[in-house]
Structures are given as C-alpha cells and as structure tokens.
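Novice: Chains as they are written, first to last, in this note's numbering: chain H, 2 to 147; chain B, 2 to 147; chain E, 2 to 147; chain Y, 2 to 147.
Once you've had a glance at the structure underneath, I'll fire off some questions.
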C-alpha cells in the first residue's frame, strides 16, 4: 500500500503544524522524522518525562508516539479538508523499551473512504543497535476539518 | 472476579511507591485514586502536558493512564514478590476526551497463574457530568520482582 | 448503555432471518438465544464441527459466535434500513473452552451515528456450571442495507 | 524475524497431524499450505459451511483460519515437547471477503521464551486476482505438550 515517496510540502507543513500544537508531544520532547506518503516516523529521546518505575520508556509513551505516528500516516493520504481521529489501537510490547531513543513508525495498510487501518512499530535505539520493542494495529476515521 | 474490597495497607503502599517512581505519571500530573482488590483508579487533570492539537486530552495520555490503572489492578492480586508487565492492550476511544479530568479504571477480569486480563475504562469529568470516553482490554504477565 | 428490555418483534424477526442465512452458523449448529435492546446471545453446542485438536471448542468457533453476537447486538439499536459490518474485533481466550455448550453475549457499549462498540463475552456450560472462557471488544460500522 | 526456509519434515508432520485432528478445520474444508520456519499458510475454499448472510466468507471463518495459521507458525519455532495456546487475537476486516478461496498467512514477529507474537494476514483469491481482506495480530503462550 505504502509508496515509499516523500509527502509533498503542503502535507509536511500541515503535519508539522498539527504536531507542534500537541502539548503532549512537546512535553514528551518528541519530534517528527520521516514523512512519506502513507508512512510517518516520530522520535522520542529518553527523559524523566517519559519513564516508568524502572527508568525505561513507559508503555504509555510507547503507545502515544505509535498512535500519533499512525494518525499522521493516515493524514498523508487524505485531502486537505480532512482530519483523522483514532477509533482504536492495539499494541504488543514485545521487548523492554530501554535505550536512548524510541522511533515509532506508522504505516497505512488500508486507506478506505471512511476508515484507515495502520500498522504501528516502535524501535529502541542504543548506540548503533536498534531493537523492535512494540508492534500494533490501529483503526482511524476520517472527519471534516473544523 | 473483582471483590469490591479495599486493598490492604502493604499493597497500597507498594503501589504508591511504584507510581511515584513513574516519571511519566509525575510529569502528567496524574494521581492514584481508589485502590481495591482487583481494581485501581488513576486521575489525570487537564494541563498543557497532556493535550492533542485541539486542546483535548491526547489519546496517548488516555491510553497511558488506562494501561497503568490495569497494571496496578493486576498487581493488587499478586503476592509481594511479583511484578507485572503489560503484554498488550487495546483501547477504543469512544467519545472526545474533553473535560477537567480523566479517571481511568482498571479492573481484573481474569487473574491466572501467569497471565492476567484486565478491562480498562476511562471517563471524562466536567463539573458534575461524567462521560465514558474510552474502553479497552489488556493482557499482563507476572514477573519476579528484581 | 444497554437497557435490559427485549427487542421488538420486527427486530427479532429481522435478526432471526439474517441468522438463518449464515451458512457458517447453521453448519456449526449454533442458535440464537436472548435478543434484547443492545444485547444478543448465541448458543453453540459441542459437536465435531467446532472442535480443535484436543476436542475442546476451537478458538475460531469461539471468536465466530462472539463476533456474530456483537454484530446482532449492534443491529438491535439501528433503524431497519441499516446493516452493520465488523470493522475489527479482539478476543482474549481466558480459560479452556471445554463443556457441552458455549454461550456468547454481545453487548453494546457505545452506539454512535457511524460506529458501534460492543463488549463480547463467552461462557462454557457443563451441567450446572458456567465458566467465563473469553472476553473481547469489537468495532462495527453502519452500512445501508442493499 | 522470519527466516524464509521451509520447516523440517518432523515439524511439517507434527503440524499436519494436529491440523487433521481439528474438527472445525476439516468441517470448513480448510487445508494446510506452505509451512516455513515462522510462517504457515492455510487455504479455505468457499462453501456453504463458511458463509455469512450475503454469501461471502463469514468473518468468523476468516478469524478462525487466521488464528490457526498464527498458532502453527508459532509452533514451527518451538521444540517438539511444546504446544501453543492462543492468548488473544485482534483482526481488522479491511475488505469484503468475496472470492473462491481465502489464504491466511501467520508470521512470527517475536518468538519469546514464554510468549510469541504473530502477524496475521488474509487474502481472498478470485481467478488471478488476490485481495488483502484482513490483517491482525495475535499473542500465544507456550505450554508443555500433554
């Protein structure tokens, strides 16, 4: 489904503006990475704002960046009068989220007229090593932008 | 499954100590509420740290407190040498998360020897009104405390 | 959400007719039980058609009757020109599905204009005993009947 | 994770024997396809035993073969004294399941000591066309064979 082509400038700008207005992402210290047609990356450096009781990334932080990456991936495939809302997501935490930074990748699996389904993957990076720490699936619904 | 009895003091203390060590929950401004045998509540007041692009609670914040509420609910039913890790969770966002405060309720549906399954519900409170804004399901695994 | 009132005759008839046309449910030997406003039960007796390799109910049979019970529960809350399609479901198999009969209960948690969210529960009955063997969550979308 | 190598003969035999004992799969008319290390395919031809009210494949049949494909994929990566049980699965039905045959592919994403996570995909085939009709995710637990 995903064509590995970069999104156009208007789409990139639109996503960057939306991201900048998300208080939670700013507070987390998260930043946007690659923005392609049907694929968006979000990076999250480790900080005291995003940890659980053992100092690893909190599962809630992992879920939050995965959810956002999928939402923006869906948005890259819609016209500019549309927004997306998360209907539901499911995520498996498959390895300890330890490392310097997380990278969440949202990828559109199916873009329908009303609903979009994304795959969500999160990797933890430590030095040169990258580990797959979470994988999930998400359903989104198109809404008219206000 | 859930017996609506308050957890004992040692369990309450153990959960409060773990919660206080979660950087993410502290920075969110979240606080523990009711701690019962098989049921735990977490409250999250609105603040710029937890919002999405329209000023509502971010779906990632909703998911994070739901995940934590379920994890602590599972912990209330285990002996003190055990910890729990989230295997996976799935959450439906069923109404806009608008209001002054969210309340996440984690409830144990099935406590097994290795795995625990919880139901997750999140409510938004505005004045005297309370609205059901998310419902989910979570699988956790028991681990030996380090 | 669910009002524990029986559905009206037209709704009951409509669901019975749809159920009778489901080849899979007929070949499973499944039958409709209680049909209430926002709640539908489906019963499935044990038979060689529905077992896995150890002679218990197959997880796929458990999932199938749970999915159908949720779909019909959603249908009880829609006008007669509408149909529902399953968007997705998630089910935890929490105990061995052993016994003489399964009972799946679909319950509407949230009925929206476009989407409906249901809770799914399956019980195994052996003599007078009833055991909770699966719990799940389902998203459905309203469609115009053809 | 998945190494695209065929499973060895003992593993293939073991899976074929288990599959033959699944009454539901026999009744459905399903058959095993490719058995690789960490990947198993199941084929399901259309028949009155597997349809819903409009004559398409029933979502429960789609879910059942996806669940089984994932279970056997997990089994290919375990020693012969082990079995697997489905903990939970989640599946999105992304297009109408119309066609002559379904093919479910279960692929291991993460094989842990206790838990295995699989990706599930189902395709409908009509003549030379193949359509992606469902995608899901599954958690399984290792158990000692009886």
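Beta carbons are placed, not taken as given, at the ideal position from N, Cα and C, and that holds for glycine.
Do you know how far the Cα of residue 26(E) is from the Cα of residue 33(E)?
Specialist: Counting from one through the third chain, the residue named residue 33(E) turns up at place 32. Counting from one through the third chain, the residue named residue 26(E) turns up at place 25. About 10 Å.
Novice: Report the neighbours of residue 140(H) on chain Y: residues whose CB is nearer than 9 Å to its CB, in chain order.
Specialist: Here residue 140(H) is taken as the residue at index 139 of the first chain, counted from 1. Simply 93.
Novice: Using the beta-carbon count (16 or more within 10 Å), is residue 117(B) buried or exposed?
Specialist: The residue you call residue 117(B) lines up with position 116 of the second chain. So residue 117(B) counts as buried.
Novice: Looking at the C-beta of residue 123(E), does it have a partner C-beta in chain B at a distance below 8 Å?
Specialist: Here residue 123(E) refers to the residue found at position 122 of the third chain. No, because no Cβ of chain B sits closer than 8 Å to the Cβ of residue 123(E).
Novice: Using a Cβ-Cβ cut-off of 7 Å (strictly less than) and excluding sequence neighbours within five positions of residue 82(B), which residues of its own chain qualify?
Specialist: Here residue 82(B) refers to the residue found at position 81 of the second chain. Closer than 7 Å at Cβ, skipping near neighbours: 145 and 146.
Novice: Report the rounded CA-to-CA distance for residue 137(E) versus residue 138(B), giving the unit in angstroms.
Specialist: What you label residue 137(E) is simply residue 136 of the third chain in a count that begins at 1. What you label residue 138(B) is simply residue 137 of the second chain in a count that begins at 1. Their backbone Cα atoms lie some 7 Å apart in a straight line.
Novice: So with Cβ pairs under 8 Å, would you call residue 22(Y) a contact of chain E?
Specialist: Along the fourth chain, one-based indexing puts residue 22(Y) at 21. Yes, because at least one Cβ of chain E sits closer than 8 Å to the Cβ of residue 22(Y).
Novice: Taking a contact to mean a Cβ-Cβ separation below 8 Å, would you say residue 105(E) touches residue 67(E) in this structure?
Specialist: Looking up residue 105(E) in the third chain gives position 104. Looking up residue 67(E) in the third chain gives position 66. Yes, these two residues count as a Cβ contact at 8 Å.
Novice: Does the beta-carbon of residue 141(E) have 16 or more other beta-carbons within 10 angstroms, so that it is buried, or is it exposed?
Specialist: Numbered from 1 along the third chain, position 140 holds the residue referred to as residue 141(E). Buried is the call here.
Novice: Roughly how many whole angstroms lie between the Cα atoms of residue 124(B) and residue 97(H)?
Specialist: Numbered from 1 along the second chain, position 123 holds the residue referred to as residue 124(B). Numbered from 1 along the first chain, position 96 holds the residue referred to as residue 97(H). Roughly 29 Å separates the two Cα atoms.
Novice: By how many angstroms is the C-alpha of residue 84(E) removed from the C-alpha of residue 113(Y)?
Specialist: Residue numbering aside, residue 113(Y) sits at position 112 when the fourth chain is read from its first letter. Residue numbering aside, residue 84(E) sits at position 83 when the third chain is read from its first letter. Going from the Cα of residue 113(Y) to the Cα of residue 84(E) covers about 42 Å.
Novice: Would you mind reading off the limits of the alpha helix (DSSP H) that contains residue 18(E)?
Specialist: Numbered from 1 along the third chain, position 17 holds the residue referred to as residue 18(E). Run containing residue 18(E): 10-21, per the alpha helix (DSSP H) assignment.
Novice: Report yes if the C-beta distance between residue 42(B) and residue 8(B) is below 8 Å; otherwise report no.
Specialist: By 1-based counting over the second chain, the position of residue 42(B) is 41. By 1-based counting over the second chain, the position of residue 8(B) is 7. No, the pair does not count as a contact, with Cβ atoms beyond the cut-off.
Novice: Considering only the alpha carbon of each residue, which of 35(Y), 14(Y), 21(Y) and 111(Y) lies closest to residue 180(E)?
Specialist: Residue numbering for chain E in the displayed model covers 2 to 147; residue 180(E) lies beyond these limits and cannot be assessed.
Novice: Entirely within the stretch 26-54 of chain Y and at least 3 residues each: give me those beta strand (DSSP E) ranges in chain order.
Specialist: Taking only runs of at least 3 residues, the beta strand (DSSP E) segments lying wholly in the stretch 26-54 of chain Y are 32-37 and 40-46.
Novice: Report the CB separation of residue 65(B) from residue 107(B) in whole angstroms; it is logged as a contact under 8 Å.
Specialist: If you number the second chain from 1, residue 65(B) lands on position 64. If you number the second chain from 1, residue 107(B) lands on position 106. Between residue 107(B) and residue 65(B) the Cβ distance is about 12 Å, and since that is not below 8 Å, they are no contact.
Novice: Please return the same chain residues whose Cβ sits closer than 6 Å to the Cβ of residue 73(H), not counting the five positions on each side in sequence.
Specialist: Here residue 73(H) refers to the residue found at position 72 when the first chain is read from its first residue. Closer than 6 Å at Cβ, skipping near neighbours: 16 and 41.
Novice: Scan the stretch 61-130 of chain B and note each continuous beta strand (DSSP E) run of 3 residues or more that stays entirely inside, going in chain order.
Specialist: For the stretch 61-130 of chain B, whole beta strand (DSSP E) runs of length 3 or above, ordered along the chain, are 83-94, 102-112 and 116-127.
Novice: So for residue 56(H), helix, strand or coil by DSSP?
Specialist: If you number the first chain from 1, residue 56(H) lands on position 55. Coil.
Novice: With a CB to CB cut of under 8 Å and the five nearest residues on each side skipped, what residues in its chain are close to residue 6(Y)?
Specialist: Position 5 of the fourth chain, counting from 1, holds the residue named residue 6(Y). Correct list, in chain order: 37 and 38.
Novice: State the Cα-Cα distance for the pair residue 134(E) and residue 95(E), rounded to the nearest angstrom.
Specialist: For the purposes of this step, residue 134(E) is taken as the residue at position 133 of the third chain. For the purposes of this step, residue 95(E) is taken as the residue at position 94 of the third chain. Rounded to whole angstroms, residue 134(E) to residue 95(E) spans 5 Å at the Cα level.
Novice: Measure from the alpha carbon of residue 89(H) to the alpha carbon of each residue in 62(H), 110(H) and 119(H), then state which is nearest.
Specialist: Your numbering for residue 89(H) matches position 88 in the first chain. Measuring from the Cα of residue 89(H), the nearest candidate turns out to be 119(H).
Novice: Please list the residues of the stretch 99-121 of chain H that have a C-beta atom closer than 9 Å to any C-beta atom in chain Y, keeping them in chain order.
Specialist: Against chain Y - using a Cβ distance shorter than 9 Å - the residues of the stretch 99-121 of chain H are 110, 111, 113, 116, 118 and 120.
Novice: With burial defined as no fewer than 16 other Cβ atoms inside 10 Å of the residue's Cβ, what is the status of residue 143(Y): buried or exposed?
Specialist: By 1-based counting over the fourth chain, the position of residue 143(Y) is 142. When all chains shown are included, residue 143(Y) counts as buried.
Novice: Which chain Y residues are close to residue 88(B), counting only those with a beta carbon under 8 Å from its beta carbon?
Specialist: Taking the first residue of the second chain as position 1, residue 88(B) is located at position 87. Chain Y residues near residue 88(B): 88, 116 and 140.
Novice: Which residue's Cα is closest to the Cα of residue 13(E): 99(E), 86(E), 121(E) and 78(E)?
Specialist: The sequence position of residue 13(E) within the third chain is 12, counting from 1. Considering only alpha carbons, the answer is 78(E).
Novice: To which residues of the same chain is residue 62(E) closer than 6 Å at the C-beta, ignoring the five residues directly before and after it?
Specialist: The sequence position of residue 62(E) within the third chain is 61, counting from 1. These residues qualify, in order along the chain: 51.
Novice: For a contact meaning CB atoms closer than 9 Å, what does residue 50(B) contact in chain H?
Specialist: Taking the second chain and counting its residues from 1, one reaches residue 50(B) at position 49. In chain order: 24, 25, 27, 28, 29 and 50.
Novice: List, in chain order, every chain Y residue whose beta-carbon is nearer than 9 Å to that of residue 136(H).
Specialist: The count along the first chain starts at 1 and reaches residue 136(H) at position 135. Within 9 Å Cβ-Cβ: 110, 111, 118, 120 and 138.
Novice: In the DSSP output, what is residue 7(H) paired with across the bridge?
Specialist: Here residue 7(H) is taken as the residue at index 6 of the first chain, counted from 1. Bridge partners of residue 7(H): 37(H).
Novice: Run through chain H and tell me which residues come within less than 9 Å of residue 59(B), C-beta to C-beta.
Specialist: Working through the second chain from its first residue, we reach residue 59(B) at position 58. Residues of chain H passing the Cβ test: 23, 24, 25, 26, 65, 68 and 69.
Novice: From residue 53(H) to residue 24(B), what does the alpha carbon distance come to, in whole angstroms?
Specialist: Start at 1 with the first residue of the first chain, and residue 53(H) comes out as number 52. Start at 1 with the first residue of the second chain, and residue 24(B) comes out as number 23. Residue 53(H) and residue 24(B): Cα-Cα distance of roughly 6 Å.
Novice: Have a look at residue 130(Y) and residue 110(B) and give me their C-alpha separation to the nearest angstrom.
Specialist: Position 129 of the fourth chain holds residue 130(Y). Position 109 of the second chain holds residue 110(B). Going by the C-alpha atoms only, they are around 43 Å apart.
Novice: Would you please verify whether the beta carbon of residue 62(E) is less than 8 Å from any beta carbon of chain Y?
Specialist: For the purposes of this step, residue 62(E) is taken as the residue at position 61 of the third chain. It does; some Cβ of chain Y falls within 8 Å.
Novice: Going by other Cβ atoms of all chains shown within 10 Å of its Cβ, with 16 needed for buried, is residue 19(B) buried or exposed?
Specialist: Taking the second chain and counting its residues from 1, one reaches residue 19(B) at position 18. Buried is the call here.
Novice: In whole angstroms, what is the alpha-carbon distance linking residue 48(E) and residue 29(E)?
Specialist: Mapped onto the third chain, residue 48(E) falls at position 47. Mapped onto the third chain, residue 29(E) falls at position 28. Cα-Cα distance, rounded: 8 Å.
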